[in-house]
Amino acid sequence: MSPAIGGTLNRVDGRFKVRGESRYSAEVPVTNLAHAVIVNAKIASGRITAIDTSEAERAEGVLAVLTHRNLGRVATVPRLLPSLAGLAAPGQTFFPMQDDTIHYGGQPVAVVVADTIERADHAGTLIRIEYETTPATSLLDQARDRAYVPERIFGGLLPGHASRGDVAKALAEAEVCVDATYRFAPNHHNPIEPSASTAVWEDVDRLTVYDSTQGPNAVQFTLAELLGLPPISIRVVSHAVGGSFGSKAMVWHHPALAALAARHVGRPVRLVLSREQMFTSCGHREEQEQQITLGARADGRITALRHHKLSLTSPFDDWAEPSLQSPSVAYTSPNYEGVYHLVRGNTITPTFTRAPGEATGMFALECAMDELAERIGIDPLELRLRNYSATDPESGKPWSSSGLTECYQRAAELFGWHDRDPRPRSRQDGQWLIGTGMASALYPVTQPVNPQRARARLYNDGTAVVEAGVSEFGTGVFTAMTQVAADALGIPVERVRFVGGSSDLPNVTAAVGSAGTSAVGSAVHLAATQLRDELIRRAVADDHSPLRDADPANVEVRDGKMVLRDRPDVGETYADLMHRTFAPDVEVLGTWNPPPQDAGYGVHTFGAQMAEVAVDADLGVVRVRRMVGVFAPGRVLNRKTAHSQLMGGMLWGLGQALLEATRMDPRLGRWANASLGDYLVPVNADAPDVVVDTVEVHDEVVNPLGMKGVGEIGVVGAAAAIANAVYHATGRRQYELPITLEKLL
0 MSPAIGGTLN RVDGRFKVRG ESRYSAEVPV TNLAHAVIVN AKIASGRITA
50 IDTSEAERAE GVLAVLTHRN LGRVATVPRL LPSLAGLAAP GQTFFPMQDD
100 TIHYGGQPVA VVVADTIERA DHAGTLIRIE YETTPATSLL DQARDRAYVP
150 ERIFGGLLPG HASRGDVAKA LAEAEVCVDA TYRFAPNHHN PIEPSASTAV
200 WEDVDRLTVY DSTQGPNAVQ FTLAELLGLP PISIRVVSHA VGGSFGSKAM
250 VWHHPALAAL AARHVGRPVR LVLSREQMFT SCGHREEQEQ QITLGARADG
300 RITALRHHKL SLTSPFDDWA EPSLQSPSVA YTSPNYEGVY HLVRGNTITP
350 TFTRAPGEAT GMFALECAMD ELAERIGIDP LELRLRNYSA TDPESGKPWS
400 SSGLTECYQR AAELFGWHDR DPRPRSRQDG QWLIGTGMAS ALYPVTQPVN
450 PQRARARLYN DGTAVVEAGV SEFGTGVFTA MTQVAADALG IPVERVRFVG
500 GSSDLPNVTA AVGSAGTSAV GSAVHLAATQ LRDELIRRAV ADDHSPLRDA
550 DPANVEVRDG KMVLRDRPDV GETYADLMHR TFAPDVEVLG TWNPPPQDAG
600 YGVHTFGAQM AEVAVDADLG VVRVRRMVGV FAPGRVLNRK TAHSQLMGGM
650 LWGLGQALLE ATRMDPRLGR WANASLGDYL VPVNADAPDV VVDTVEVHDE
700 VVNPLGMKGV GEIGVVGAAA AIANAVYHAT GRRQYELPIT LEKLL
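In numbering that gives the first Met the number 0, the protein residues as written are 0 to 744.
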């Protein structure tokens, strides 16, 4: 039997999805269901002075209209903590509809509950609200003079300031310097499935919530604190999730609002966000500006890096995505300074957006590296090789594994990089200016801090069920876990079923930060191997087993049969043993304790990305013709799903580079393009020829299977490779994302 890990198993949930049989949170059948609709504030700053709900309450089918005057109070709002911690994980430390104050445009001010969603939506338009407005801050430029350096960012996990060496001295002595400022428009996630919650009270203190989330347990713990209930009283189910990209990583207000509304009307309530509400209810990648100063010797070896970032955050939380972390260790740089600056504005707290921080921070660094290479007169790839570090520049510890130089080499071969003419505007195809660019990609290997658990059960017919509370939100994690369990148990994948998506199952952290597969995979691997070892122990202790008194270390399992490693003709199947010993099933709970973050190694995933663009010389239109990405993500569990994740990440980076921007109307403090008609994302017509390859590196540090994750590394270098290619085509540097045609004219 060939190993399942590393194969190209089709998605185990694929046929359910193509048949329309997958149950999403807004599709779960519930008896006596009512529907809730949120009404949003039309101002960005001020207070409600009057609210008239009488006409809405009289509308046909309306069961209740909830405002700050009659909505139940929340018990406590948990502190801001990333969901990777495995605890309560609110998206922000503010819960709406507790008083009359308005902090940001789109803040919920009322919830209408009716017997149909259409009636609830109509009744929402009948509510009359009067406001007293105060000046709002909605853009960085409105409040630069009020910027401050926070003590910590990112839910308190990272310092607001970090340094090593003497940056000022090194920059003063540098033979070559590059100083550049980059600006980034806000981005929104826009998964196909909007966020949705269905709340069902089974008793006054027993709640089931069907929620679209990356972490059922995170929702359970957050609701427990908000509602003042013990976690055991709350069950969260997430059968299938239609994408997230970070919007469903944290727990926003709608699950609790659905639960409070259901309690108020005494029947189940479903609350589904509209597409426009997805722009105001689930966070976003914040508006930000980054200034990079690189100092180097004449041969291109970097001596100093100063990296400052300015972000627009909410009135409540010190949030900035960690854009300075990966750039600080990307290359050998003995002198470094990284500082986060924040401006408080009238916005919901920003949040994780795919490759949170790395996608923007590495863009700034890699564009500056391209400029440095030109200043010095060397090839951009050669510059990166000269500054490659075999150790973590921050800690001095060796990498747990790297593979970056192999990624450079393989990407250059696949792309044909060495045939490149380095001169800008040196290649043309009719009206199109052709350019090529490259960038490095780094993504930290994030580890959960709490134990990860999975349950494995083998039945006496030789089939197995493996369970863990992870959600399937499009990454193929159920498929990969089926492969992991099959190999650990030594049975074909057809005999394994993986079950997830419920807080009733063994607790694993939310699948965020490209850590989901490694966290749940490690727990599944340990549970399944412990189950296998338990059955082997039973066999060698059984007087009637052919394996009686054998050394357990000399027994292996092949196709469900336990055999002697040196005499494969001697052994018996799991089913034989279990039938003979009257065991209908055998079950094991496996626990993986993640290594500490300071385990003696630097831990990152590495990659190299290259792109070719064509720019219309007259119109400024940019078309990406081809992209190559080579990555070293450790052990690849499923080549098909990993390929899809990496390709999807690269196309996400294309959107970041050329299309995606949420525009703020500063007069109203509201998003001006809150729809998929106006917020531009790549479509099939935009997709170039994409080549994805991996370099497998052996890593014994990160987890038992040596997995480092593929969900976000594909995004990280894509935008910078495209921007560097645009410069090569046009001779004009771009310092603002997205790169639109008017910036090239």
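Just so it is clear, CB atoms sit at the ideal spot from N, CA and C, and this is done for glycine as well. No experiment lies behind these values; they were computed from the predicted model shown.
- Around the C-beta of I347, 16 or more other C-beta atoms lie within 10 Å, and the residue is accordingly described as buried.
- Below 8 Å, enough C-beta pairs join the region 344-361 and the region 91-105 to call them touching: three or more.
- In summary, G559 is buried, with 16 or more beta-carbon neighbours lying within 10 Å of its beta-carbon over all protein chains present.
- DSSP places T661 outside both helix and strand once states are collapsed to three, so it counts as coil.
- When G619, V203, P314 are compared, the shortest CA-CA separation from S232 is found for V203.
- V623 is positioned such that its CB atom lies closer than 8 Å to that of I721.
- In this structure, DSSP gives H238 a state outside helix and strand, which the three-state scheme calls coil.
- By the Cβ-count criterion, R284 is buried, with 16 or more other Cβ atoms from all chains shown falling within 10 Å of its own Cβ.
- For the 8 Å CB-CB criterion, A526 and A453 form a contact.
- With distances taken between CA atoms, T115 lies nearest to A63 out of G71, A63, E131, H67.
- Shown here, R68 sits in coil according to DSSP, grouped into three states, outside any helix or strand.
- In this structure, the CA atom of G60 is about 17 Å from the CA atom of A109.
- Where M437 is concerned, the enclosing beta strand (DSSP E) starts and stops at 431-443.
- For the set A354, V199, N386, E357, the Cα lying nearest the Cα of M368 is the one of N386.
- Under the three-state reduction of DSSP, V166 is assigned to helix.
- For N334, DSSP records a beta bridge to A303.
- Around the beta carbon of V621, 16 or more other beta carbons lie within 10 angstroms, which makes this residue buried.
- Rounded to the nearest angstrom, the Cβ distance from P551 to D532 is 7 Å, consistent with a contact under 8 Å.
- Comparing alpha carbon positions, the residue from L83, V36, V76 closest to V507 is L83.
- G647 and I191 have their C-alpha atoms spaced approximately 14 Å apart.
- Looking at the backbone, the Cα of W200 and that of S273 are separated by about 24 Å.
- Counting along the chain, the unbroken beta strand (DSSP E) around M609 starts and ends at 603-615.
- For H340, the closest C-alpha among the options G376, Q289, R383 is that of Q289.
- Restricting attention to H307, R127, P314, the CA atom closest to the CA of S322 is found in H307.
- Following the DSSP letters along the chain, one finds Q529 inside the alpha helix (DSSP H) bounded by residues 515-539.
- Taking 8 Å as the cut-off, the Cβ atoms of C281 and S194 count as close.
- Our two residues, M277 and Y330, have alpha carbons roughly 38 Å apart in a direct line.
- Cβ neighbours of P81 within its own chain (closer than 6 Å, five residues either side excluded): G154.
- In the assembly as shown, D420 is an exposed residue. Its beta-carbon has fewer than 16 other beta-carbons within 10 Å.
- In the structure shown, the three-state DSSP call for E586 is strand.
- Shown here for I377: same chain residues with a beta carbon closer than 6 Å to its own, the five before and five after excluded, namely G299 in chain order.
- Assignment of beta-bridge partners to L206 by DSSP yields W200, I233.
- One thing to note: P215 has its Cβ within 8 Å of the Cβ of G500.
- Put simply, of R68, L70, G90 the residue whose alpha carbon is nearest the alpha carbon of P77 is G90.
- Using a Cβ-Cβ distance cut-off of 8 Å, the region 436-445 and the region 464-482 are not in contact, since fewer than three pairs of beta carbons, one from each stretch, lie closer than that value.
- Secondary structure in the region 133-189: the alpha helix (DSSP H) runs of 4 residues or longer, each lying completely within the stretch, are 166-172 in chain order.
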